[in-house]
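Residue numbers (the numbering used here), protein chains in the order written: chain G, 1 to 253; chain Z, 1001 to 1310; chain A, 2001 to 2301.
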Amino acid sequence: MAGLEQQPLLTDGHRRDGRAYEEFRNVFLNTGVISQASGSAYAEFNNTKVMVGVYGPRQSERKVGYSEQGRISVDVKLATFATRQRGVFGQTPEERELSALLATALEAATNLASFPKATADVYVLVLEAGGAELAVAATAAALALADAGIEMFDLVTACSVSRAEGALLLDPTTDEAAREEAGLTLALMPACSEVTQLVSRGPWSSSQLREALELAMGGCAQLDALARQVLKTAAAEAATRRQQEAQRQAQQA
Amino acid sequence: MASPLISAAEVQWITAGVSFNIRNDGRQREDFRALSVQLGVITQATGSARVQLGETDVIVGVKAEIGSPDPDRPDCGRLVFGVECSPVASPAFRGRGGDELSGELARALERSFYPGPSGRAGGVDLSTLSIVSGKTCWVLYVDALLLNIGGNLHDALSVAAKAALADAKIPKVEVVQGEDPTDEPGYEVDDDPQWFSLYLYEPDYEVDDDPQQAQRLDVSRVPLCVTVSQIGAHSVVDLTAQEELCSSASVQVAVDESGVVCGLTKRRQKGVDPSVALEMVEVAQRSAAKLHAALAESLGGQQAQQMSVG
Amino acid sequence: MAAAAAAGQVDADTFRRLYPDDYLRKFVEQGLRPDGRPLAAARPTSIGLGAVSTADASALVKVGSTTALAGVKCEVVPALPEAPDAGRLAVQVEMAPLCSATARPGRPSEAAQVLTEQLGALLSSVVDARQLCIDAGKAAWAVYVDIYVLDADGSLHDACLLAALAALSSLRLRAVSIDESGRVQTGAAAQQQQQGEQLAGQQERQLALSCLPVSSTCGLYRGRLLADPTAEEEPLLEAQVTAVLDESGAVLGFSAGGTAAVSQAVVVQCLEAAKMRGKEVRAMLQQALQQAGLAADAAAP
């Protein structure tokens, strides 16, 4: 295989892209990116780019049946050019699994009783898969739900941790995750301090698991501050726009 | 067959019982139901096992076939998991109804067997399944069939998968140079964007049917899954179908014999405090030890029987 | 109909939702559109190249709110027996379920299938498949162009074609070399190998496009022509006309449909508008390519 694979991931306390072990990639979050959707968000963590659109709450499909609580239906899809090898157009089992895991992450944070019989459709499109797709998608989806005005108990932020070459790496890239001995993804409601999703692969001893969880929780808290900032800015902009509109209408009348 | 509906009074009853450490069938919170394992139930399969955990009944069959390895791990074999929810278990599984559940269970099983970057770290050492590095290997198709849903499918499936893999007898394979170099060329495309090769001929294989020559898999490191759920404020293991309707959050943990956590997934709608999550993992580790012991006893007895007969 | 409006107690937003036709008519009578544009103006357009690093080439195009992302992936495949000296160009348009309230996951909708057909035909005529051949009869390039509509706010054909075109214009096919044992190498390794023995090989090159077609959609509303209709305006139009022109003004594609008949005068008007739009868009595309080209040259050692 290529020579790049044989080089170590970590040198002198730094990763291949120059980050420290506990550093996130460059994070960019934005809401209101899709004009047609009730709520939308775009998250970019360097090479992982995810776009989420939320439609609803709207009428559930007939086959789903009656329910006293609302439902969140999640559909995750990777674009065909998102991975190094070209993907397919239909939904693969891995994508179905991602959808199920993401749904669990979001359900605990949403006030499902506020929209009985209805469904909030969350559509996730991964434009580029550069590592930690589930975590980035969860953060973006929670932002999109908030942007859509759906009642939530708390925001959800998520991050991934990999154990490779004996060290715990926060927010791994695809290369780092491919060489990991074990990895986990945590989705957290930071204010309530409740775990909404926890998925792990590979062997973890109890102490390693505890350490990794603490690292992930710290990471989620960082993301939470950023996400709240984004929502506040968006709300402030919307308020000024409405004010200007009202002024203009008052002038014309 | 458990009822899909449960009344508020029943939920209260079960929750209160759990807080007193007594469940409907007399068990304590961390007790498993009676486990019964039968090996070799499907004669045509490479290995098979039927497991009954209380009312839950599952059959797992393992079929070994020659295939090509994963381009990322050229000298390792592959494990492919499939779960089928039979309509026999529930009318809801008619047609495509069981697809979601079966996909979920299959992926969870797969995750507990995660082989790591070298392919050697997982429950089964995949490098023992390689035949010709980069070209051929054994692909083990582990297929499960759910016969009766009595709660706690996940744990029953993992026990059955381990038992079936222990029962599997992989035939011996000899590689023989291909006779005709002008045979239809096959080509293989590598995942690596740097190169792929157009092979000009394919070698031939001879599969030895002699069961005495068959290779058995080392399943000592295969993990078992334990589902731990929160009922009220307590962690409970091995829920019946009725108890599952009362639980708010559950964590599926795959633990191997030495107590190392090999895979973890959270299910269900409610969030849990991180310390509670870690506590549930500890409960899973304790219970897994008991489950491993019960399985080892069962397997040991049956394999001894097979050796004396064969 | 306009009774409630006459009462004067309905605010603009509610009126817009309850009586969309009246709302639009009020604007068009003044020679304007609801978003403030003159009737013949297209929405502000932007082209961003190289958005996705895992794709061999990509382009993100925004026409107003309509957003389309095209990604190109190239693979070396054995040549097809029926076309030994040609490669393959496969175009697919996918309306992601997040692009509009009517889109659903699963099988592609009719609109997506129509777009796929139209764009596939257009791009096959622009890119000669014979230039994708590496070694006649043995190996060739397969170029997959996948276009995702991320926000469906009207005039999808324009945005999708532009995205595909921008992506193909910025595509560089990697160097390829095949040695005697049939091993194919692409990229940097291929350039090294080309110094030594090889059966066939090619340097890194760009695709040659026979022309730069630009699509322009117009809608007919109460006898007036509206350029680049939005998703809000589209259901109210009596007819919709799409024209695809190249640099010389030759018509590569034309489609008209709707409830009203489209007269010859309208067709001529549309073609004129399309010519103007084409010039504008091609200039934008050249600028974007130059900027990206400059960036690429700076990055290469």
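Quick reminder that beta carbons are idealized off the backbone N, C-alpha and C, glycines included.
For residue i, three-class secondary structure by DSSP
i	result
R62 (chain G)	helix
P1181 (chain Z)	Note that P1181 (chain Z) has pLDDT 43, beneath the 50 cutoff, so the model's placement of it is unreliable and no number is given.
L2226 (chain A)	strand
L1198 (chain Z)	With a pLDDT of only 38 at L1198 (chain Z), under the threshold of 50, the placement of this residue in the model should not be trusted; the figure read from the coordinates follows. Coil, per DSSP.
T1056 (chain Z)	strand
T31 (chain G)	strand
E97 (chain G)	helix
A2086 (chain A)	coil
P1091 (chain Z)	helix
F1113 (chain Z)	coil
L2285 (chain A)	helix
T48 (chain G)	strand
T1340 (chain Z)	In the structure as shown, chain Z begins at 1001 and stops at 1310. Residue 1340 (chain Z) is therefore absent and cannot be evaluated.
Y21 (chain G)	coil
E1297 (chain Z)	helix
L2123 (chain A)	helix
A2256 (chain A)	strand
T2045 (chain A)	strand
C1085 (chain Z)	strand
L155 (chain G)	coil
I72 (chain G)	strand
A2175 (chain A)	coil
Cβ pair residue i, residue j closer than 8 Å
i	j	result
C1076 (chain Z)	L1126 (chain Z)	yes
A2168 (chain A)	L2207 (chain A)	The amino acid occupying residue 2168 (chain A) in the given sequence is Leu; Ala does not appear at that position. Yes, the pair counts as a contact, with Cβ atoms nearer than the cut-off.
F1081 (chain Z)	A1106 (chain Z)	yes
L143 (chain G)	V230 (chain G)	yes
V1207 (chain Z)	V1175 (chain Z)	no
V1060 (chain Z)	V1142 (chain Z)	yes
N41 (chain G)	N30 (chain G)	The residue asked about is misnamed: residue 41 (chain G) is Ala in this sequence, not Asn. Contact flag set, yes.
L2039 (chain A)	L2225 (chain A)	yes
A1271 (chain Z)	T196 (chain G)	Residue identity check: residue 1271 (chain Z) is Gly in the sequence provided, not Ala. Result yes, Cβ atoms of G1271 (chain Z) and T196 (chain G) sit closer than 8 Å.
A1277 (chain Z)	V1251 (chain Z)	yes
A1241 (chain Z)	G1151 (chain Z)	yes
T2242 (chain A)	D2228 (chain A)	no
S2210 (chain A)	A2292 (chain A)	no
A2096 (chain A)	L2150 (chain A)	yes
P172 (chain G)	C220 (chain G)	no
M2284 (chain A)	T2045 (chain A)	yes
Distance cut-off 7 Å: residue i Cβ against heavy atoms of the ligand GDP
i	result
R84 (chain G)	Among the components modelled here there is no ligand, and therefore nothing to report on the ligand GDP.
Assumed close pair residue i, residue j - CB separation to whole angstroms, cut-off 8 Å
i	j	result
A2101 (chain A)	Q36 (chain G)	6 Å
A2288 (chain A)	L2049 (chain A)	6 Å
D201 (chain G)	A182 (chain G)	According to the sequence as given, residue 201 (chain G) is Arg; it is not Asp. Correct: roughly 6 Å between the Cβ atoms.
L1146 (chain Z)	V1058 (chain Z)	5 Å
M217 (chain G)	P1115 (chain Z)	Not really, about 28 Å apart at Cβ, beyond 8 Å.
Short CB-CB distance (under 8 Å) between residue i and chain D
i	result
V1260 (chain Z)	The structure shown contains no chain D; its protein chains are G, Z and A.
query: Do the stretch 77 to 97 of chain G and the stretch 164 to 173 of chain G make contact, defined as three or more Cβ pairs closer than 8 Å?
result: No: the two stretches stay apart, fewer than three of their Cβ pairs being nearer than 8 Å.
The stretch 190 to 205 of chain G: positions lying closer than 8 Å to chain Z by Cβ: Residues C192, S193, E194, V195, T196, Q197, L198, V199, S200, R201, G202, P203, W204 and S205.
field: Any 3 or more C-beta pairs closer than 8 Å across the stretch 1122 to 1141 of chain Z and the stretch 111 to 125 of chain G
entry: Under the three-pair Cβ rule at 8 Å, the stretch 1122 to 1141 of chain Z does not count as touching the stretch 111 to 125 of chain G.
query: Using 8 Å as the Cβ pair cut-off and three pairs as the minimum, do the stretch 2095 to 2109 of chain A and the stretch 2022 to 2039 of chain A touch?
result: Three or more beta-carbon pairs separated by less than 8 Å are not found between the stretch 2095 to 2109 of chain A and the stretch 2022 to 2039 of chain A, which leaves the two stretches without contact.
message: Is it the case that the stretch 2059 to 2069 of chain A contacts the stretch 2150 to 2164 of chain A, given that we only count it when at least three CB pairs across the two stretches are under 8 Å?
response: These segments touch.
task: Report the residues of the stretch 91 to 118 of chain G with a CB closer than 9 Å to any CB of chain Z, ordered along the chain.
output: The residues in question are P93, E94, R96, E97, A100, L101, T104, A105, E107, A108, A109 and L112.
message: Can you confirm whether the stretch 1282 to 1300 of chain Z touches the stretch 236 to 244 of chain G when touching is taken to mean that 3 or more C-beta pairs between the two stretches lie within less than 8 Å?
response: No: fewer than three Cβ pairs fall under 8 Å.
field: Selection of the stretch 217 to 238 of chain G by Cβ proximity to chain Z, strictly under 8 Å
entry: For the stretch 217 to 238 of chain G, which is checked against every Cβ of chain Z, the residues closer than 8 Å are M217.
query: If contact means a Cβ-Cβ distance below 7 Å, which residues of the stretch 10 to 23 of chain G contact chain Z?
result: When C-beta distances to chain Z are compared with 7 Å, every residue of the stretch 10 to 23 of chain G stays at or above that value.
- prompt: Which residues, in order along the stretch 76 to 87 of chain G, keep a beta-carbon less than 8 Å from a beta-carbon of chain A?
  reply: Cβ contacts with chain A: K77, A79, T80, F81, A82, T83, R84 and R86.
- request: Mind the definition here: the stretch 103 to 113 of chain G touches the stretch 8 to 25 of chain G only if three or more C-beta pairs lie below 8 Å; say whether that holds.
  value: Segments in contact, no.
- prompt: Counting pairs of Cβ atoms below 8 Å between the stretch 2015 to 2025 of chain A and the stretch 2231 to 2244 of chain A, do you hit three or more?
  reply: The stretch 2015 to 2025 of chain A, when compared against the stretch 2231 to 2244 of chain A, does touch it at the 8 Å Cβ threshold.
message: I'd like to know if the stretch 1043 to 1051 of chain Z and the stretch 1095 to 1102 of chain Z are in contact, where contact means that at least 3 CB-CB pairs between them fall below 8 Å.
response: Verdict: no, contact absent.
- request: Mind the definition here: the stretch 1254 to 1267 of chain Z touches the stretch 1219 to 1228 of chain Z only if three or more C-beta pairs lie below 8 Å; say whether that holds.
  value: Between the stretch 1254 to 1267 of chain Z and the stretch 1219 to 1228 of chain Z, the count of Cβ pairs shorter than 8 Å is three or higher; the stretches touch.
- request: Report the residues of the stretch 1123 to 1146 of chain Z with a CB closer than 9 Å to any CB of chain G, ordered along the chain.
  value: Near chain G, meaning a CB-to-CB distance below 9 Å, no residue of the stretch 1123 to 1146 of chain Z qualifies.
message: With three or more beta-carbon pairs closer than 8 Å as the criterion, would you say the stretch 2067 to 2085 of chain A touches the stretch 2135 to 2149 of chain A?
response: By the Cβ criterion, the stretch 2067 to 2085 of chain A is in contact with the stretch 2135 to 2149 of chain A, since at least three pairs of Cβ atoms, one from each stretch, lie closer than 8 Å.
message: Would you call the stretch 1004 to 1017 of chain Z in contact with the stretch 59 to 78 of chain G, where contact means no fewer than 3 C-beta pairs closer than 8 Å?
response: These segments do not touch.
message: Could you check whether the stretch 1023 to 1036 of chain Z touches the stretch 1230 to 1237 of chain Z, counting it as contact only if at least three pairs of C-beta atoms, one from each stretch, sit closer than 8 Å?
response: Judged by Cβ distances under 8 Å, the stretch 1023 to 1036 of chain Z makes contact with the stretch 1230 to 1237 of chain Z, as three or more pairs qualify.
Interfacial residues, the stretch 123 to 148 of chain G to chain Z, with Cβ spacing under 8 Å: The stretch 123 to 148 of chain G vs chain Z, Cβ under 8 Å: nothing.
field: Where the stretch 2071 to 2092 of chain A meets chain G: residues whose CB sits under 8 Å from a CB there
entry: Correct list: G2071, V2072, K2073, E2075 and Q2092.
message: Beta carbons nearer than 9 Å to chain G: which residues of the stretch 2115 to 2148 of chain A have them?
response: Hits within the stretch, in order: Y2144, D2146 and Y2148.
Residues within the stretch 2234 to 2260 of chain A neighbouring chain G, beta-carbon criterion of under 7 Å: For the stretch 2234 to 2260 of chain A, which is checked against every Cβ of chain G, not one residue is closer than 7 Å.
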